[in-house]
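Step one of this worksheet: look at the structure below.
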Amino acid sequence: MRVLMFGWEFPPHIAGGLGTACYGLTTAMSQQGCEVIFVVPRAYGDEDQRYVKIHNASDVNIRQTYVRDDQFTENLKFIYVDSNLVPYVSPEEWEVLREESKTITKSYSTDLWEGRYNFKGGYGETLMEEVARYAVVASQVAKDLEGQFDVIHAHDWLTYYAGIAAKKVSGKPLVVHIHATEYDRTGENVNTLVYGIEKEGMMAADRVCAVSNLTRKIVIDRYGIPEDKVITVHNGVKFKQVSEEESVEKNIDDKIVTFLGRITYQKGPDYFVEAAAKVLKKMDNVRFVMAGSGDMLNHVIRHVAKLGIADKFHFTGFLKGDDVKKMFAMSDIYIMPSVSEPFGISPLEAMRSNVPVIISKQSGVAEVLDNAIKVDYWDVDALADAIYSLLKYPALHKMMQERGGDEVNTLTWDNAATKIIDVYKSLTK
Amino acid sequence: MKKICFYFQVHQPYRLKKYRFFNLGKDHFYFDDFLNRMVLERIAENSYIPMNSLLLDLINQYGDKVKVSFSISGTAIEQFEEYTPSVLDSFVQLSKTKNVEYLAETYSHSLASLKDQDEFYSQVKKHTELVKEKFGTTPTAFRNTELIYSDHIGELVSNLGFNIMLTEGSKNILGWKSPNYLYSNPIKQRVKLLLRNYRLSDDIAFRFPNREWCEYPLDAEKYLSWLRLEQGEVINLFMDYETFGEHIKAENGIFEFMRALIAGIISDPDMELATPTQVANDCQSMGLMFVPHPISWADEERDLSAWLGNDLQNEAFNKLYALRQYVIQANDSGLDRVWQIMQESDHFYYMCTKWFQDGQVHSYFNPFDSPYEAFMNYMNVLSDFEIELKKNNINIKY
Numbered sequence: 005m006r007v008l009m010f011g012w013e014f015p016p017h018i019a020g021g022l023g024t025a026c027y028g029l030t031t032a033m034s035q036q037g038c039e040v041i042f043v044v045p046r047a048y049g050d051e052d053q054r055y056v057k058i059h060n061a062s063d064v065n066i067r068q069t070y071v072r073d074d075q076f077t078e079n080l081k082f083i084y085v086d087s088n089l090v091p092y093v094s095p096e097e098w099e100v101l102r103e104e105s106k107t108i109t110k111s112y113s114t115d116l117w118e119g120r121y122n123f124k125g126g127y128g129e130t131l132m133e134e135v136a137r138y139a140v141v142a143s144q145v146a147k148d149l150e151g152q153f154d155v156i157h158a159h160d161w162l163t164y165y166a167g168i169a170a171k172k173v174s175g176k177p178l179v180v181h182i183h184a185t186e187y188d189r190t191g192e193n194v195n196t197l198v199y200g201i202e203k204e205g206m207m208a209a210d211r212v213c214a215v216s217n218l219t220r221k222i223v224i225d226r227y228g229i230p231e232d233k234v235i236t237v238h239n240g241v242k243f244k245q246v247s248e249e250e251s252v253e254k255n256i257d258d259k260i261v262t263f264l265g266r267i268t269y270q271k272g273p274d275y276f277v278e279a280a281a282k283v284l285k286k287m288d289n290v291r292f293v294m295a296g297s298g299d300m301l302n303h304v305i306r307h308v309a310k311l312g313i314a315d316k317f318h319f320t321g322f323l324k325g326d327d328v329k330k331m332f333a334m335s336d337i338y339i340m341p342s343v344s345e346p347f348g349i350s351p352l353e354a355m356r357s358n359v360p361v362i363i364s365k366q367s368g369v370a371e372v373l374d375n376a377i378k379v380d381y382w383d384v385d386a387l388a389d390a391i392y393s394l395l396k397y398p399a400l401h402k403m404m405q406e407r408g409g410d411e412v413n414t415l416t417w418d419n420a421a422t423k424i425i426d427v428y429k430s431l432t433k
Numbered sequence: 004m005k006k007i008c009f010y011f012q013v014h015q016p017y018r019l020k021k022y023r024f025f026n027l028g029k030d031h032f033y034f035d036d037f038l039n040r041m042v043l044e045r046i047a048e049n050s051y052i053p054m055n056s057l058l059l060d061l062i063n064q065y066g067d068k069v070k071v072s073f074s075i076s077g078t079a080i081e082q083f084e085e086y087t088p089s090v091l092d093s094f095v096q097l098s099k100t101k102n103v104e105y106l107a108e109t110y111s112h113s114l115a116s117l118k119d120q121d122e123f124y125s126q127v128k129k130h131t132e133l134v135k136e137k138f139g140t141t142p143t144a145f146r147n148t149e150l151i152y153s154d155h156i157g158e159l160v161s162n163l164g165f166n167i168m169l170t171e172g173s174k175n176i177l178g179w180k181s182p183n184y185l186y187s188n189p190i191k192q193r194v195k196l197l198l199r200n201y202r203l204s205d206d207i208a209f210r211f212p213n214r215e216w217c218e219y220p221l222d223a224e225k226y227l228s229w230l231r232l233e234q235g236e237v238i239n240l241f242m243d244y245e246t247f248g249e250h251i252k253a254e255n256g257i258f259e260f261m262r263a264l265i266a267g268i269i270s271d272p273d274m275e276l277a278t279p280t281q282v283a284n285d286c287q288s289m290g291l292m293f294v295p296h297p298i299s300w301a302d303e304e305r306d307l308s309a310w311l312g313n314d315l316q317n318e319a320f321n322k323l324y325a326l327r328q329y330v331i332q333a334n335d336s337g338l339d340r341v342w343q344i345m346q347e348s349d350h351f352y353y354m355c356t357k358w359f360q361d362g363q364v365h366s367y368f369n370p371f372d373s374p375y376e377a378f379m380n381y382m383n384v385l386s387d388f389e390i391e392l393k394k395n396n397i398n399i400k401y
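Below is the structure:
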């Protein structure tokens, strides 16, 4: 099986989880005998190419257009969207991107579609234009690589036009992969332009892969995609080989309950605060930590102050690399009370660090985990109850630690890869 | 003779360093030494040293006729000793001239008067002792942090043995009355109140460098004419000492203005300079001043909302004072020092969320980007301090 895959980023040049997911998936697929040509808008040359062949869209020379570009550009040509369209970018990174885009002087060429286009990659202000250009490049790539692939696979809306273009040129079947929908990113205030691209991609696709049943349901209900076209392919997790568990010195005797993620409505930070207040009424030797940053941070701080628990509730701000590890190592419980989460990889990282997790039933990862306590995100009493039990009953805590640690190591990308290869097979018969 | 009473506030807080959750339990040093030193050295150079030498000059020239008063917080004195001893020396020199009165206040410029009577008493005593030690005089007049005052606080101050107190001539307590007379506390009627003339004080402290002000540029002659026009027995001009050279830079002519103003007052046959205690000795109270709710000299509202105006501030304030019993039990000089510093009103000021007209003043010297950041940082420090306190108390038990 040979597949032409369109992504937007690839490790190590990633802004969020999309690139990581693509890397994990393609690695597993190639180990199962699938050849993957992975196209990114901009390759840097230091990508891990052991398992996939990276194709740099910026190096593609457009000789003629194989699809009428109007289709992709009628809405897009002159629209420079200045909003957060990005699935996995953190608020800090977004600030940086905004700053960057302000300093870049723009030059619009009327001669949009000839020669090479040097993609900026990433998620800047000219995102929409890049999405459209990427589609044009994709058609060229599909032409150049004619006969070298059997299926086309596109990850998230940024690449859907590229996927459609490649399908038009080559006539090969198209699979689109939903890592997050516009509803997951923005709640009900969807960007209709993005929604439109998502829907168009899914309609044009022969199969739609969703990262969870939750996401699958959104695809069916909100985008009107026929049920039999949509299948769930749960994400896996690929951990970096940890040479040695560095022991992090925990300096306080109190138990630590952690929330780690973007502090936005989707992640349900308020429910964590309410549950913390309830637990603190019953016990004293516990501290709650909210690690991360986001548009709701100030609101949450006020909430904590109002409840009078600020001496037991701490904020770390945005954490990077080693600090994330350190935070997990210090934690006794990890909590993800997301209101809506297509999948959610961070509980798995917590479990990997032997931290028991409590997750909301409204997260995709809840569908694959057994050794996690699952509560409805709005059920603050149940959440408080679960925290209290885990802290008070060492037997439960220990069991969750051990079984969770074992379970998380079985959640590899292999299952996802097998499932996707089966999809390819059914399409190429 | 109309009395002109200058009182200058000198205060510098110990600013907290960036203290993260990960520091908890292992890092018990909370202060940003580098920043504190930098701020102190800068202000000493811009303001304290040139203004002190200006006053010494005037005293050499005019002798006894120069009268001014200072309140210097304990944390400021500590930092002078630590970082800029020459500033302390010049204040000592001023105190030797007997032209200068030093006032009593809370040791760490705290808000204790609003929360904990015993803590308030002990802080005032601690500050009085420090003033005595450094300047050789025992204060006879009291000014509370940010001129915060209420009937109740006046009573507390009287219990400490002070019969003179300075506060704001706030419109909402004065009504039609003039701030240019003395009034008394209704509970302890021997406590005389000196009220700040905020219009004339702010003409110097705020409006002086403002080019959009219709009176710009203000010179001593014009200001003297306003003083002459002002009815009453005493005009209280109370302001931060950093006004001279730091808030208002030297190039605006503030030093020349002050020199000419003080010389002008001295040579005017109808005016004289006086310190708060002299004013209280020479003038009678004109009646009772009822202040049921605390007032201050801050912002448009003249209330407490700059320090205790939102949930963050109230939470931090309540959590802080809940620790007092542990501090007393611990009886440890190191912990006590941190306890003093954590009470500085400045920490609460940094958590203020009213960022409008007065925002500029609020952001001055503020090491934090946002009130939320200030709060998070403060609470992390407070948590570690609490852990340390409780650890210490366990040690005592066994």
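Taken in order, these protein sequences are the chains called A and B.
When we follow our numbering, the leftmost residue of the first sequence carries the number 5, and every step to the right adds one.
When we follow our numbering, the leftmost residue of the second sequence carries the number 4, and every step to the right adds one.
C-beta atoms are modelled at their ideal positions from N, C-alpha and C, and glycine is treated no differently.
> Since Ile222(A) sits in a beta bridge, which residues does DSSP pair it with?
Replying inline: BP columns for Ile222(A) are empty, so no partner.
> Which stretch, first to last residue, makes up the alpha helix (DSSP H) that contains Ile391(A)?
Replying inline: 384-396
> Can you give the beta carbon distance from Ile337(A) to Pro360(A), rounded, assuming they're within the 8 Å contact cut?
Replying inline: 6 Å
> Rounded to a whole number of angstroms, what is the C-alpha to C-alpha distance between Asn147(B) and Val343(A)?
Replying inline: 50 Å
> What distance in whole Å lies between the Cβ atoms of Thr280(B) and Lys70(B), which are believed to be in contact at a cut-off of 8 Å?
Replying inline: About 10 Å; that fails the 8 Å criterion.
> By the criterion of Cβ-Cβ separation under 7 Å, what are the contact partners of Asp440(A) in chain B?
Replying inline: Look at the range of chain A in this structure, 5 to 433, and you will see that residue 440(A) is not part of it.
> For the alpha helix (DSSP H) that Gln328(B) lies in, which residues bound it at each end?
Replying inline: 327-333
>> Assuming Ile176(B) is part of the alpha helix (DSSP H), what are its boundary residues?
In response: 174-177
> In whole angstroms, what separates the C-alpha of Met292(B) from that of Glu253(A)?
Replying inline: 59 Å
>> Rounding to the nearest angstrom, what Cα-Cα distance links Arg262(B) and Leu301(A) in this structure?
In response: 50 Å
>> If contacts are defined as beta-carbon pairs under 8 Å, then Glu149(B) and Asn188(B) qualify, I think. What distance do you get, rounded to the angstrom?
In response: About 18 Å separates the two Cβ atoms, so there is no contact after all.
> Gln328(B): which of Pro220(B), Gly178(B), Thr246(B), Glu122(B) sits nearest, CA to CA?
Replying inline: Glu122(B)
> Who are the neighbours of Val179(A) on chain B, taking C-beta pairs under 8 Å?
Replying inline: Going along chain B, no residue has its Cβ under 8 Å from Val179(A), so there is no contact; the nearest lies around 44 Å.
>> Please list the terminal residues of the continuous alpha helix (DSSP H) segment that includes Gln12(B).
In response: Here Gln12(B) belongs to no alpha helix (DSSP H); instead the beta strand (DSSP E) covers 5-13.
> Do you know offhand how far Ile269(B)'s Cα is from Glu275(B)'s?
Replying inline: 6 Å
>> Considering just the uninterrupted stretch of the alpha helix (DSSP H) at Met261(B), what are its terminal residues?
In response: 257-270
> Gln152(A): buried (16+ other C-beta within 10 angstroms of its C-beta) or exposed?
Replying inline: exposed
> Any idea which residues DSSP pairs Tyr152(B) with across the strands?
Replying inline: Ile298(B)
> Quick one: what's got a C-beta closer than 6 Å to Ile168(A)'s C-beta in the same chain, skipping five residues either side?
Replying inline: Ala208
> Going straight from the alpha carbon of Phe14(A) to that of Gly37(A), what length do you get?
Replying inline: 20 Å
> Is the distance from the Cβ of Glu391(B) to the Cβ of Ser111(B) below 9 Å?
Replying inline: no
>> Just checking: is the beta-carbon of Gly265(A) within a distance shorter than 9 Å of some beta-carbon in chain B?
In response: no
> At a Cβ threshold of 9 Å, is Ser308(B) touching chain A?
Replying inline: no
> Would Met340(A) be called buried (16 or more neighbouring beta carbons within 10 Å of its own) or exposed?
Replying inline: buried
> chain A beta carbons: is any one of them nearer than 9 Å to that of Gly362(B)?
Replying inline: At Gly362(B), the pLDDT of 49 sits below 50, so the modelled position is not reliable and the matter cannot be decided from this model.
> So is Leu80(A) buried or exposed if we call it buried at 16+ other beta carbons inside 10 Å?
Replying inline: Summary for Leu80(A): the model assigns pLDDT 34, below 50, so the residue's position carries little reliability; its value from the coordinates is reported in the next sentence. When all chains shown are included, Leu80(A) counts as buried.
> Can you tell which of Phe276(A), Leu162(A), Asp258(A) has the C-alpha that lies nearest to the C-alpha of Gly396(A)?
Replying inline: Residue identity check: residue 396(A) is Lys in the sequence provided, not Gly. Nearest C-alpha to Lys396(A): Asp258(A).
> For Val95(B), is the classification buried or exposed, using 16 other Cβ atoms within 10 angstroms of its Cβ as the cut-off for buried?
Replying inline: exposed
> Residues of chain A with a CB under 8 Å from the CB of Lys29(B): which are they?
Replying inline: Glu253, Asn255
> Can you find a CB in chain B that lies within less than 9 Å of the CB of Ala184(A)?
Replying inline: no
>> Checking the sheet assignment: what are the DSSP bridge partners for Ile238(B)?
In response: Ile7(B)
>> My assumption, with CB atoms under 8 Å, is that Ala142(A) sits in contact with Val43(A). Please give the rounded CB distance.
In response: 7 Å
>> Which runs of the alpha helix (DSSP H) at least 4 residues long sit entirely within the region 30-118 of chain B? Give them in chain order.
In response: 36-46, 52-65, 77-86, 88-99
>> According to DSSP, simplified to helix, strand and coil, what is Glu345(A)?
In response: strand
> Are the C-beta of Gly368(A) and some C-beta of chain B separated by less than 9 Å?
Replying inline: no
> So is Ile339(A) in contact with chain B if we call contact Cβ pairs under 9 Å?
Replying inline: no
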